[in-house]
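Mapping of the sequence shown onto the numbering used here: residues 4 to 271, in sequence order. For glycine and all other residues, C-beta sits at the position ideal for the given N, C-alpha and C. A quick note: this is a predicted structure, and the numbers were derived from the prediction, not measured. Okay, so here's the structure we're looking at.
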Amino acid sequence: MDCSHMIRYINTYGGIIVLGLSMVNLVRRHPKKMDKQLRNAMVDFYQPFRWVPCFMQSTVETLLKKTKKYPVIIEFQDDQEEFKSQVKKADSILTKQFRSQIKHHYPSVNSCSATLTPAAVESLLEGDPSIKRIHMDREVHALLDVARTSVKANTPAVKDLTGKGITIAVVDTGIYEHKDLAGRIKAFKDVTGNKTAPYDDNGHGTHCAGDAAGNGASSKGKYKGLAPESDLVGVKVLTKMGSGSLSSVMAGIQWCIDNKSKYNINII
Numbered sequence: 004m005d006c007s008h009m010i011r012y013i014n015t016y017g018g019i020i021v022l023g024l025s026m027v028n029l030v031r032r033h034p035k036k037m038d039k040q041l042r043n044a045m046v047d048f049y050q051p052f053r054w055v056p057c058f059m060q061s062t063v064e065t066l067l068k069k070t071k072k073y074p075v076i077i078e079f080q081d082d083q084e085e086f087k088s089q090v091k092k093a094d095s096i097l098t099k100q101f102r103s104q105i106k107h108h109y110p111s112v113n114s115c116s117a118t119l120t121p122a123a124v125e126s127l128l129e130g131d132p133s134i135k136r137i138h139m140d141r142e143v144h145a146l147l148d149v150a151r152t153s154v155k156a157n158t159p160a161v162k163d164l165t166g167k168g169i170t171i172a173v174v175d176t177g178i179y180e181h182k183d184l185a186g187r188i189k190a191f192k193d194v195t196g197n198k199t200a201p202y203d204d205n206g207h208g209t210h211c212a213g214d215a216a217g218n219g220a221s222s223k224g225k226y227k228g229l230a231p232e233s234d235l236v237g238v239k240v241l242t243k244m245g246s247g248s249l250s251s252v253m254a255g256i257q258w259c260i261d262n263k264s265k266y267n268i269n270i271i
C-alpha cells in the first residue's frame, strides 16, 4: 500500500479516527524493511479501533502493540560471517519484549524465524541496522493446483542415468516406506512433529519420492521414477493437510544443508 494513502485509509476505514498511528508511521519510515504482507498487517492493526472510544485509543494501542503476535522471517544483511552476531543482537533486543522470540536459524540464507509483537517489530527496525527485511511468515501448499506454475520437470529421463550413488532429500509431507522405495530411505527428519520413524500422513511426499526414485517394484518395473537406484532422505515440513509455514520449509531445507555430508545429500 502506498504510504501517502495510509492516513486516508485509516481515517476512512469504518470511520476510524486515531491519533499517533505509530505503526503506520513505522511503515512510512521503513517501507523497504517490511514485505507487503507485513506492511499491510501493520496498517490493519488499527481496524479494531473503530469500536474503541477516542479517549481509550492510546491505552488500547499500547496494549495491542505488546500482545498481538505475528509469525515472521527476519532477514539480515548479506554477511554470513556476521550471522551469529546479528542473531545475537536481535535476540538481545527481543529479550526486552513481551511475547517475542527467535525460533529457528537459517544461516545459509542469513535469516531466522521469529514471533514478534508490533512493539518488537518497531524495536528491531529502529534499533538494529543489521536487519535487511522482515517478511511475514505464510502458509505454503503442496497441492498441484497451486504449485503447477512453479513446476518445470518436462525433461525426460536418460536411460543410463539411474541415480545410483546419489541421495535425494524430499522436503514435503513426509515419506512412507513403500515397496518401490524399500531399503533406500537413509534418514528421516520431522519438523512438524519430531517423530523419528518415516511416515507420511498425507501421501504427497511419498508420491514425489516415487516420481523421483521409485523403482517400479510393485508394478513389475512398469512405473519407475527418474532415478530408480538413488537413495532418499525424507524431510517432513508439511502437515497431513498438505500445508505448513514458510519457516517450517526453511527449517527443513536448513536441516538438509547441515546434514549434507552426513547423508551424502546431493539433491533437495
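{"Asked": "Note down, in chain order, each residue of its chain lying with its Cβ closer than 7 Å to the Cβ of residue 108, except the 5 sequence neighbours on either side.", "Found": "90 and 115"}
{"Asked": "Between which two residues does the beta strand (DSSP E) containing residue 236 stretch?", "Found": "234-239"}
{"Asked": "Do you know offhand how far residue 129's Cα is from residue 47's?", "Found": "20 Å"}
{"Asked": "Between 70, 233 and 136, which has its C-alpha nearest residue 187's C-alpha?", "Found": "233"}
{"Asked": "Are the stretch 182-200 and the stretch 229-249 touching, with three or more C-beta to C-beta distances below 8 Å?", "Found": "yes"}
{"Asked": "Any contact between the stretch 24-37 and the stretch 132-141? By contact I mean 3 or more CB pairs, one from each, below 8 Å.", "Found": "yes"}
{"Asked": "Rounded to a whole number of angstroms, what is the C-alpha to C-alpha distance between residue 131 and residue 255?", "Found": "27 Å"}
{"Asked": "Please work out which residues of its chain come closer than 7 Å, Cβ to Cβ, to residue 100, disregarding the five sequence neighbours upstream and downstream, and give them in chain order.", "Found": "120, 122, 123 and 126"}
{"Asked": "Is there a C-beta anywhere in chain B that falls below 8 Å from the one on residue 74?", "Found": "Structure shown: chain B not included; a single protein chain is present."}
{"Asked": "Should residue 142 be labelled buried (16 or more other beta-carbon atoms within 10 Å of its own) or exposed?", "Found": "exposed"}
{"Asked": "Do residue 103 and residue 97 have their CB atoms nearer than 8 Å?", "Found": "yes"}
{"Asked": "Using only the alpha-carbon positions, how far apart do residue 106 and residue 224 sit?", "Found": "45 Å"}
{"Asked": "Give me whichever residues DSSP pairs with residue 177 in a beta bridge.", "Found": "203"}
{"Asked": "Under three-state DSSP, which class holds residue 72?", "Found": "coil"}
{"Asked": "Decide if residue 167 is buried, meaning its Cβ has at least 16 other Cβ atoms within 10 Å, or exposed.", "Found": "exposed"}
{"Asked": "Excluding five sequence neighbours on each side, which residues of the same chain lie with their C-beta closer than 7 Å to the C-beta of residue 181?", "Found": "209 and 213"}
{"Asked": "Give me the Cα-Cα distance between residue 27 and residue 76, rounded to the nearest whole angstrom.", "Found": "20 Å"}
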